[in-house]
Structures are given as structure tokens and as C-alpha cells.
Amino acid sequence: MSQQVKAVTKKRYQLKQSNSDSQFFDVSTHLSKDVLVLEEPLQIWLNYYDPKCANYLRKSLTITMRTPNNDRALVYGLLLAEGVISEISQVQSIVIGSDQNNTDQVNTDQASVEANQIDVTLSAETKLDWRSLERQLASHSSCGLCGKSAVQALALNRETVTESEPLSVSANEIIQLPNLLRAQQALFQQTGAVHGAGFYCNGEMKDVQEDVGRHNAVDKLIGQLVFSGENISAGVLVLSGRVSFDLMQKAVLAGIEIIVAVGAPSSLALLVAQQFDLTLIGFTRTECFNVYHGHWRISE
299 MSQQVKAVTK KRYQLKQSNS DSQFFDVSTH LSKDVLVLEE PLQIWLNYYD PKCANYLRKS
359 LTITMRTPNN DRALVYGLLL AEGVISEISQ VQSIVIGSDQ NNTDQVNTDQ ASVEANQIDV
419 TLSAETKLDW RSLERQLASH SSCGLCGKSA VQALALNRET VTESEPLSVS ANEIIQLPNL
479 LRAQQALFQQ TGAVHGAGFY CNGEMKDVQE DVGRHNAVDK LIGQLVFSGE NISAGVLVLS
539 GRVSFDLMQK AVLAGIEIIV AVGAPSSLAL LVAQQFDLTL IGFTRTECFN VYHGHWRISE
């Protein structure tokens, strides 16, 4: 059994109408096996150089609920997508399972606690703005930023670099993307309980990451792509669900210009697309899709 799922026993209730004229239903039950996706907290600690005391300090960056798998890529992606670092060379080391006798734990089982903690040591040259980071890493729906203020804060975070050659994708390619994504979502096929994020480039789905959290799936994808040396700005981000501000923020900071989603975008997601001139596509089906901004990147 994969470490990403847990075997359980469920009791299934089946209802069948007694007869065509009846408003009553016969109820039958049976026990069967099922698998549930694992959801566990991951606490990320930053070891960073503080010039005021000329020494390294350790501070908790965030706790995220995720599906245990590919945690290194998740951390790389989160640090990049939240603007903590601008390139992976700023990370000196990543150590999984180092709790360093910390008493502020999220699980009483010591082995589980240590497995769900990661220590990241940044280079001494990396500058951190903790006030900005703490605000960004709060839930974007309740973090005190709203509307144009959130987009303006994002614009100040990093200067983005886009492709010198205009990127485009055909309509025929776009309608195939949801199925290409789903075909590589093994965990979703097992559990039906995870989000998927895929990277489509040069006619193929290069990578797909899954997680119980949609933002984690995108972080894992970005981290894996950067770590493997992929040119992220040359491809399309494909999402299995809706598009919110936080996912658009990650796309902007990663340099992604085209976002294709199975679900709908939020109003603030559209505002980000307009501000940064991204192509935002939603409600993607095998016969149609909606373009909310950036139609000029779509070829016939």
C-alpha cells in the first residue's frame, strides 16, 4: 500500500425504490474495502542569516496540510512561488525529519512529528522580509489583502522574465489537456480526493503532481520542474479544478504565461491575468473552453 493512501473499511448503503409507484426505498448495506488519501501536516523551518546578530536563526515558515510525497519538490516550489527565493541555488540544504528538540509540535507521536518537518538552510546572502512572508503565507482569502491591493503586492514581489519568442497553444491542444492530465493522476484514480497540476510543453504532458491541496500540487510541480532544469516559461500550467488568486500568484512568480483549468477562475484570478497579461482559460472540456484573457496566444 502506498504511503500516500490508507486502507479503510466502509459500510455502503444502497437504496432501491420498492416499486415504481412507491415513495419508499428498500435499504441494503454491505462492508467493503476502500482507500483514502493521506493528509498530514508539514512544518517548514527556515535557517536564515540575520546580519543584525551576525548569526543563523531558525524560525517556522509555515505549516501546510499535504499528501506525503515529493516533499523536497513541495518545499522548493513553495519557496520559489512565494518569493522567498528567486533561484534554487539560494537553498544550501534541505533536511527532512529534523525537529531539533522543538516543543511547538503538531503531532504527539514523535516519529510522525519528525517525519513531517523539514529544515531549510538558506544562503547568507538571501534577504528575508518576514512581515511580507507571514502575510502572504496566510490564507489568501482572509489574509488582509483584497482586490487590487493583492495584485499590487504581487507586482512588487518579483520582476518576471518571459519567453523572448511568443508562446502559443492551439485550440485542438487545449481541449485535450484535461484528459492528458487525468491519465497521469494515479492517486486521483485510487481515491478521487486529490487535485492535479500538470506541465504541458512541446506536445506532451511533461510532469503531473497531485496533492490533497491544490496549492501544494502546484508547488510540487514548480519545484520538480525547476530542480530538473525545465524551462517553465515555455509551457502551459494545467489545473484539475478552479483557479484562485494564490494559484495565479504562483504562476506569475514562476514565469508561466498560459493557465488552463478544468474549473472556473475567480474574479481576482482574472485581475491577475489582466495585470500580468497572462492567458487564462477555464471550463475546459473536450469540445469547448472559455478564454477570460489572453486569446492572442491561442492558435486556430
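Okay, so the sequence shown: first residue is 299 according to our numbering, each after it adds one. Ideal Cβ positions, reconstructed from N, Cα and C, are used throughout, including at glycine.
Report all residues from its chain with a CB closer than 7 Å to the CB of residue i; omit the five preceding and five following residues, and keep chain order.
| i | result |
| --- | --- |
| V303 | V333, L334, V335, L336, Q488 and T489 |
| P366 | Q301, Q302, L336 and E338 |
| L479 | G494, G496, M503, V506, V536 and S538 |
| F525 | A371, Y374 and I386 |
| K331 | A305 and T307 |
With a threshold of 16 other CB atoms inside 10 Å of the CB of residue i, please say whether the residue is buried or exposed.
| i | result |
| --- | --- |
| S468 | exposed |
| P563 | buried |
| R310 | exposed |
| Q312 | exposed |
| E386 | Reading the sequence as shown, one finds Ile at residue 386 and not Glu. Exposed, since its Cβ has fewer than 16 Cβ neighbours within 10 Å. |
| L355 | exposed |
| R364 | buried |
| F587 | buried |
| N470 | exposed |
| G533 | buried |
| R512 | buried |
| L329 | exposed |
| N368 | buried |
| A515 | buried |
| V570 | buried |
Quick check: what's the CA-CA separation for residue i versus residue j?
| i | j | result |
| --- | --- | --- |
| L599 | R583 | Past the boundaries of the shown model lies residue 599; the chain is included only from 299 to 598, so the question cannot be answered. |
| A413 | G395 | 5 Å |
| E598 | L576 | 18 Å |
| A491 | A371 | 21 Å |
| I579 | I530 | 18 Å |
| P349 | S421 | 12 Å |
| I472 | L376 | 27 Å |
| S384 | S542 | 22 Å |
| V510 | F486 | 10 Å |
| K425 | Y347 | 8 Å |
| R540 | F581 | 9 Å |
| Y498 | L475 | 8 Å |
| I596 | E555 | 12 Å |
| G592 | G553 | 15 Å |
| L523 | N317 | 57 Å |
| A481 | L519 | 16 Å |
| Q315 | V325 | 9 Å |
Going along the chain, which residues of its own chain have a beta-carbon closer than 6 Å to the beta-carbon of residue i, five neighbours each way excluded?
| i | result |
| --- | --- |
| L344 | K357, L359 and V418 |
| I557 | L535, A549 and L578 |
| G561 | G539 and R540 |
Which residues in the same chain as residue i place their Cβ atom closer than 8 Å to its Cβ, once the five residues preceding and following it in sequence are excluded?
| i | result |
| --- | --- |
| T327 | K309, R310, Y311 and Q312 |
| E463 | none |
How about residue i: is its Cβ closer than 7 Å to a heavy atom in the ligand COA?
| i | result |
| --- | --- |
| G496 | With respect to the ligand COA, the structure offers nothing, as it holds no ligand at all. |
field: 3 or more residues per run - each beta strand (DSSP E) lying fully within the region 313-396
entry: 323-335, 338-348, 353-364 and 389-394
message: Just to confirm the assignment: which complete alpha helix (DSSP H) runs, minimum length 4, are found wholly within the region 493-579?
response: 512-525, 543-552 and 565-574
- prompt: Considering only residues of the region 409-433, which uninterrupted beta strand (DSSP E) runs meet the minimum length of 3 residues and lie entirely inside it, listed in chain order?
  reply: 415-420
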